[in-house]
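Put into structure tokens, the structure is as follows:
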């Protein structure tokens, strides 16, 4: 039975890694272009007829950017991820085919056809490699790309675009039905648990973003952008931990609440729920409350607030939606706070049991992962460290800053940077990541030489002490 349980745990972890990687791939097509999405959102919020400063001349920018530029950027980025510059160029070309071949915003379509076109080009390039004499490389390269581009663009224009258009209409109709029948708030049942499994970016940018843009094109705003990006419920949960939590969780929760609410870095909230999974019900109740208020009072934004802070939400709020967004934000925070408070007061576990550890493992899970990894790598001198997270921005940036400071205090001159897990450079000596992302990092970068160490809270300084000690020992300190 022990073997069976071990196999089941391994299968669950493997499945979670695959889901995380797929979700990260989807969000990876949007994240590099988020600044452009925000710029478009600001133009929309300001200049459309119902905007803050209505201007028909400037509002003419809104539709072309939404219809052409945003999908083309996503298609290029998706293609680039798969096959570099050639893949990116072909992804943009194929995206143009589906844009012209459909009558809806093709952001979702770009996330499909961009990577597919690049994958097809990659296969063709691999097949042709070494089959022609020297001197013909440029000719073959250009014409093979031209032929593949012709085929995929025609397919996109004639077949793929119309098919995706139908799918988008079906999904949009489903969303509109859920809003009309007031069942959209129940989506929190799926969103709240998915967030703490580091699938937040996939939900936000891979699913809600494309559907939300379609709603903006029709109604000038969308509540879908606030399904995941609304930080009110998570801040409410963190505030409850700040008052009624125990141990290290109580000490670090106030800072986490400030970072999540003002800085918009939602990942700082995840370890607290992984530590005490029952708190997911508090956030779930908060999301349900927020969405209900948004729908009742006409809330919504014109683009995804990124980072998902309170102030980013206000900036992207169109005229007429401010009251709904403010009420929804604070109502969700209050409900999450109240539910979390009840759950925490019902908890009778001793204070020392509240150290932030993995929710699905024994209390020493992260330490065990580190010992296993260190035992496999001997004699590695640490010169470059990467702190990696799902998106490579918020939580890993804070972690890298904390670790860099600790290393300097220990008189260790080490290059410490943060990165997205998929984009960790080849010359790294030590990768530090969250225990929930540990298996994913190893699958991507384990070459027998890289050292992997895990933490369970990116912003808790004490968790980096063992890393500093290891680095010191590796350098003969």
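Numbering (my numbering), first residue to last: 11 to 487.
The beta-carbon is built from N, C-alpha and C at its ideal position, and this holds for glycine as well.
From 139, 143 and 91, residue whose alpha carbon lies closest to that of residue 123: As a working note, residue 123 is residue 113 in the chain shown. That would be 91, whose Cα lies nearest to the Cα of residue 123.
Through-space distance from residue 150 to residue 476, alpha-carbon basis: Here residue 476 is taken as the residue at index 466 of the chain shown, counted from 1. Here residue 150 is taken as the residue at index 140 of the chain shown, counted from 1. Looking at the two C-alpha atoms, the distance is approximately 54 Å.
Touching by the beta-carbon criterion (3+ pairs, under 8 Å), the stretch 215-232 and the stretch 260-269: Fewer than three pairs of CB atoms, one per stretch, sit closer than 8 Å, so the stretch 215-232 makes no contact with the stretch 260-269.
Coarse secondary structure for residue 468, derived from DSSP in three states: Here residue 468 corresponds to residue number 458 of the chain shown, with the count starting at 1. When DSSP states are grouped into helix, strand and coil, residue 468 belongs to the coil group.
CB of residue 163 within 7 Å of CB of residue 103, strictly: As a position in the chain shown, residue 163 is number 153, starting the count at 1. As a position in the chain shown, residue 103 is number 93, starting the count at 1. Contact: yes.
Backbone CA spacing between residue 494 and residue 267 [nearest angstrom]: Missing from the structure shown is residue 494; the chain here goes from 11 to 487 and no further.
Cβ-based burial, residue 50 [other Cβ within 10 Å; buried from 16]: The residue you call residue 50 lines up with position 40 of the chain shown. That one is buried.
N-terminal and C-terminal residue of the beta strand (DSSP E) that residue 441 is part of: If you number the chain shown from 1, residue 441 lands on position 431. Taken as a continuous stretch (DSSP letters only), the beta strand (DSSP E) holding residue 441 covers 440-444.
Beta strand (DSSP E) segment containing residue 425, residue limits: For the purposes of this step, residue 425 is identified with residue 415 of the chain shown, where counting begins at 1. Taken as a continuous stretch (DSSP letters only), the beta strand (DSSP E) holding residue 425 covers 425-430.
Inter-residue Cα distance where the pair is residue 405 and residue 205: In the chain shown, the residue the question calls residue 405 occupies position 395. In the chain shown, the residue the question calls residue 205 occupies position 195. Computed Cα separation, rounded: 14 Å.
Bridge partner(s) assigned by DSSP for residue 311: To locate residue 311, count along the chain shown from 1; it is residue 301. Per DSSP, 232.
Per-residue DSSP class, three states only, for residue 331: Taking the chain shown and counting its residues from 1, the one referred to as residue 331 is at position 321. It is coil, neither helix nor strand.
Top-ranked residue by Cα proximity to residue 76, from 302, 237, 116 and 207: Locating residue 76 in the chain shown gives position 66, where the first residue counts as 1. Cα-wise, what sits closest to residue 76 is 116.
Touch test, the stretch 329-346 against the stretch 76-86, Cβ-Cβ under 8 Å, three pairs minimum: Not touching, per the Cβ criterion.
Residue 453 versus 306, 64 and 434, residue with shortest Cα-Cα distance: If you number the chain shown from 1, residue 453 lands on position 443. Comparing alpha-carbon positions, the option among 306, 64 and 434 lying closest to residue 453 turns out to be 434.
Straight-line Cα distance separating residue 74 from residue 112: For the purposes of this step, residue 112 is taken as residue 102 along the chain shown, with counting starting at 1. For the purposes of this step, residue 74 is taken as residue 64 along the chain shown, with counting starting at 1. Their backbone Cα atoms lie some 14 Å apart in a straight line.
Separation of residue 427 from residue 305, as counted between CA atoms: Within the chain shown, numbered from 1, the residue matching residue 305 stands at position 295. Within the chain shown, numbered from 1, the residue matching residue 427 stands at position 417. Here the C-alpha atom of residue 305 lies approximately 41 Å from the C-alpha atom of residue 427.
Between the CA atoms of residue 331 and residue 307 - distance to the nearest angstrom: Against the chain shown, residue 307 aligns to sequence position 297. Against the chain shown, residue 331 aligns to sequence position 321. Our two residues, residue 307 and residue 331, have alpha carbons roughly 8 Å apart in a direct line.
Nearest-angstrom beta carbon gap, residue 398 and residue 429 [assumed within contact, 8 Å]: One-based indexing of the chain shown puts residue 429 at position 419. One-based indexing of the chain shown puts residue 398 at position 388. Sure, about 5 Å apart at Cβ, within 8 Å.
Length of the line joining the Cα atoms of residue 251 and residue 354: As a working note, residue 251 is residue 241 in the chain shown. As a working note, residue 354 is residue 344 in the chain shown. One C-alpha to the other measures close to 8 Å.
7 Å Cβ shell around residue 270 - same chain, five flanking residues per side excluded: Here residue 270 refers to the residue found at position 260 of the chain shown. The beta carbon of residue 270 lies closer than 7 Å to those of 241, 244, 245, 248, 276, 278 and 279 in the same chain, with the five residues before and after it left out.
Backbone secondary structure at residue 303 - three-state DSSP: Position 293 of the chain shown, counted from the first residue, corresponds to residue 303. Secondary structure of residue 303 (DSSP, three-state): helix.
Integer Cβ distance of residue 309 from residue 236, believed to fall under 8 Å: On the chain shown, residue 309 is found 299 positions in, with the first residue counted as 1. On the chain shown, residue 236 is found 226 positions in, with the first residue counted as 1. With a beta-carbon spacing of about 7 Å, residue 309 and residue 236 fall inside the 8 Å limit used to define contacts.
Euclidean distance between Cα positions of residue 231 and residue 297: As a first step, residue 231 is located in the chain shown; it is residue number 221 there, counting from the start. As a first step, residue 297 is located in the chain shown; it is residue number 287 there, counting from the start. Separation of residue 231 and residue 297 (C-alpha to C-alpha, rounded to the nearest whole angstrom) is 19 Å.
DSSP-derived helix/strand/coil call for residue 114: Mapped onto the chain shown, residue 114 falls at position 104. The answer is coil: DSSP assigns residue 114 none of H, G, I, E or B.
Exposure label - residue 414; buried when at least 16 CB within 10 Å: Residue numbering aside, residue 414 sits at position 404 when the chain shown is read from its first letter. Counting other Cβ atoms within 10 Å of its Cβ, residue 414 reaches 16 or more and is therefore classed as buried.
DSSP-derived helix/strand/coil call for residue 146: Taking the first residue of the chain shown as 1, we reach residue 146 at position 136. In this structure, residue 146 counts as coil in the three-state DSSP scheme.
Residue nearest to residue 483 in terms of C-alpha spacing, selected from 321, 420, 466 and 447: Counted from its first residue, the chain shown places residue 483 at position 473. Ranking the options by Cα distance to residue 483, first place goes to 420.
Contact under 7 Å by Cβ, residue 239 with residue 314: Locating residue 239 in the chain shown gives position 229, where the first residue counts as 1. Locating residue 314 in the chain shown gives position 304, where the first residue counts as 1. Yes; because the gap between Cβ atoms is below 7 Å, this pair is in contact.
Collapsed DSSP secondary structure at residue 58 in the structure displayed: The count along the chain shown starts at 1 and reaches residue 58 at position 48. Coil at residue 58, not helix or strand.
Among 350, 273 and 333, nearest to residue 288 - alpha-carbon criterion: Counting from 1 along the chain shown, the entry for residue 288 is found at position 278. The option with the nearest alpha carbon to residue 288 is 350.
Contact belief for residue 290 with residue 226 at Cβ below 8 Å, rounded distance in angstroms: Indexing the chain shown from 1 puts residue 290 at position 280. Indexing the chain shown from 1 puts residue 226 at position 216. Cβ atoms of residue 290 and residue 226 stay farther apart than 8 Å, at about 30 Å.
Spatial neighbours of residue 85 in its chain, beta-carbon cut-off 7 Å, leaving aside the 5 residues before and after: Position 75 of the chain shown, counting from 1, holds the residue named residue 85. Result list for residue 85: 101, 102, 104, 105, 120, 123 and 124, in chain order.
Limits of the unbroken beta strand (DSSP E) element including residue 397: Here residue 397 refers to the residue found at position 387 of the chain shown. Residue 397 -> beta strand (DSSP E) spans 394-399.
Length of the line joining the Cα atoms of residue 183 and residue 320: The residue given as residue 183 occupies position 173 in the chain shown. The residue given as residue 320 occupies position 310 in the chain shown. Rounded to whole angstroms, the gap between the alpha carbons of residue 183 and residue 320 is 29 Å.
Alpha helix (DSSP H) runs wholly inside the stretch 214-268, at least 4 long, in chain order: With a minimum length of 4 residues, the continuous alpha helix (DSSP H) runs that stay inside the stretch 214-268 are 219-229, 236-239, 242-254 and 257-268.
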